[in-house]
Structures are given as C-alpha cells and as structure tokens.
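What follows is a single structure, written as structure tokens, with notes after it.
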C-alpha cells in the first residue's frame, strides 16, 4: 500500500476511534463487571483479569464508517457516535460467537474469548453485547429518524444471522456436483454475514443525522458491496495470509474445509480434478495436504478470480458513493478507506 494512502487511512480510523472511545467505554462500563471484562478483552482494551492491554485494539473500520456516514449527511461527526458504538458492539458480539462456532482458538494474535474465559462465559458476553448494542441505539437522542435507525440495525442483525447460518450449512455441502455451493449462494452469504453490518454502519450514521432516504439506501448498498469484498479478502488471508498479521494459523480455512471464494472459483476451473479429489478426502488434511491444496487453488486461478471479484465489488461501492447526494469531503475519506481496504488482501 502506498505510504501516503496508508497514513491517510490510519488518520481517518484513529480520529474515529478517539471520538467514539469514551462512549464505547461508557457502554461497556455499565455491564456486569465480569462480563464487562470479557467485553473489554474482546475489544482489546484489557487482558484476562482486567490488566492493561498489551494488545492493540482492532482498526475500528465500522466505527469510522458510522462517523463518516453522519458527516456525509452533512452533520457533525458526533451525530454518528451512537451508531458507531452500536455497530462496534454488534461486530464484537458476532466475533465472539463466530469463534465458538468455527472452533477458532485465536483472534488477533491471542486466545479467543472462549479460550481465555470458557465457552459458556463467551456466549454470555456475546449475548450481553448484542443487548447492549440495541439499548445504546434506543438511548440515542430522540429524533424523527431514531425508529428507522433501530429498524436498520435489527434488519442488519437478522441478515447477519442468516449469513452465518448459510456459512455453517455450507460446511455440510459437497465440493462438487449439483449440491455444491454456487457463486450466487456465496455472494448472498457474504453480503449477509459481512456486508449487512458494514452497510448498516454507513447507513445508520447517516440516518441518525437525518439524511434523505435515497442517500441512506445508497450508503447501505455501498457498504454491502464493501462487505463482500471484505469477506473475499478474509478468504484470501485464510489461505495465504501471514499469521503474524491475521493472528490465525496459515491455511486455517483450508484445514477446516471452509467453502471460501478462491476454492469455489478454482473448483469451477478446468483441471480441477486433483483439487476436487484432495478436498473430498474423508480424512482430515495434514500439513502437506493443505499446502498442496493451496498450490492447486492458485494454479487453477482461484486466487486471481477472488482478487477480480473483490475489486469488482469495491468498484461498485465507489460508483454508489459517486452517484449519491453526499457531502464531498467525507465521501473522499470513504474512498480513502475503500482504497486502503482494497490493499488489505486485494
């Protein structure tokens, strides 16, 4: 990533995190102390036992999108803070439960919450964050747009659950044949699982700021396209990512047999038989087998196809931003974030 682009994106993310941090800390502070500690651990704010975090928090992409959504509607950044807190809490809740469902022991380079505290406590903390997200939004300053904002969030939550359900069901589908997962099914899963919350972040900030309906819809659609690109980027990182960056073992998705875009694309390419035979093995893939699978996916064009598809969705998001009636400076900041996310893996 060019140094200037990286620096600009980092500044945008840092500005939003600093703006949202007091409200986020206040929301977490109202939880049961033990549950609040787990939430703080998940957010990178503390270690097990409540000590000062030795681990940096996440980038806060969804927080930034909510703040920029409000600014794009012509409002001050502060108008997007309740939306930013709500979507960050939902995102964290979803990660807690996803790690349990997927059996992922590591998150951002350290034990996942369920490994650090236990499965039951992690489920409880996720439930608390879910409830807190809705409560945070309902408690936002009353405006004529608040009811619509709550509907926006609950709709995104329903989509998120739908996407996660499909992702889990995909694991039981064959790799090839009439019952195999198709490209359209994957796109719908990715839009629901990842895109819905990114779209909600952008739209929610704008909605609380009183944006016109057309602008809210455009921002939601742009975020959903971004989410599909984001999910494909995760797929790429799950196969070829550097563990020091991803915080997960190399080839983790292949080892788990996840139906990711690069693999699905490779299985639809000529010369896929060796890959299909390897993936159809009834025994768990060992280290040598997953390395071989990664090579076969790349040779069949799966990596290239994923890059192209991610770029296509990023371009679609950019067109939606260009066509919407939004304040120009926040839109430029959004474009900077889109460009930086494009370099994440694409």
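Residue numbers (the numbering used here): 69 to 414. For each residue, glycine too, the CB sits at the ideal point set by N, CA and C.
Based on DSSP bridge pairs, tell me the residues matched to residue i.
| i | result |
| --- | --- |
| residue 160 | Partner(s): none; residue 160 has no beta bridge. |
| residue 114 | 120 |
| residue 179 | 174 |
Between which two residues does the alpha helix (DSSP H) holding residue i run?
| i | result |
| --- | --- |
| residue 320 | 320-324 |
| residue 387 | 370-391 |
| residue 243 | Neither: residue 243 is in no alpha helix (DSSP H) and is coded neither H nor E. |
| residue 282 | 281-308 |
| residue 213 | Looking at the DSSP string, residue 213 is not in any alpha helix (DSSP H), and its letter there is neither H nor E. |
| residue 76 | 71-97 |
| residue 330 | 329-335 |
| residue 129 | 129-140 |
| residue 202 | 187-206 |
| residue 355 | 355-367 |
| residue 258 | 251-258 |
| residue 270 | 264-276 |
| residue 342 | 341-347 |
Can you say whether residue i is buried or exposed, counting buried as having 16 or more other CB atoms within 10 angstroms of its CB?
| i | result |
| --- | --- |
| residue 413 | Model confidence at residue 413 stands at a pLDDT of 47, short of 50, so the residue's coordinates are unreliable; what they give is reported in the following sentence. It counts as buried. |
| residue 71 | exposed |
| residue 381 | buried |
| residue 171 | exposed |
| residue 106 | buried |
| residue 280 | exposed |
| residue 352 | exposed |
| residue 213 | buried |
| residue 242 | exposed |
| residue 376 | exposed |
| residue 355 | exposed |
| residue 321 | buried |
| residue 240 | exposed |
| residue 399 | buried |
| residue 84 | buried |
| residue 282 | exposed |
| residue 387 | exposed |
| residue 158 | buried |
| residue 120 | exposed |
| residue 193 | buried |
Original post:
For the 8 Å Cβ check, are there 3 or more pairs between the region 200-209 and the region 251-260?
Top reply: no
Subject >> At least three beta-carbon pairs within less than 8 Å, the region 228-235 to the region 336-343 >> reply: no
Subject >> Given 8 Å, three or more beta-carbon pairs between the region 127-134 and the region 259-273 >> reply: yes
Original post:
Taking one C-beta from the region 135-153 and one from the region 88-107 each time, how about it: are there three or more such pairs within less than 8 Å?
Top reply: yes
Subject >> Segment contact flag, the region 183-194 with the region 217-232, C-beta cutoff 8 Å, min 3 pairs >> reply: no
Original post:
Do the region 300-311 and the region 366-374 touch if we need at least three Cβ pairs shorter than 8 Å?
Top reply: yes
**OP:** Please confirm if the region 159-166 is in contact with the region 191-208, defined as three or more CB-CB distances below 8 Å between the two stretches.
**Re:** yes
**OP:** Tell me, please, whether the region 117-124 touches the region 381-398 by the rule of three or more beta-carbon pairs shorter than 8 Å.
**Re:** no
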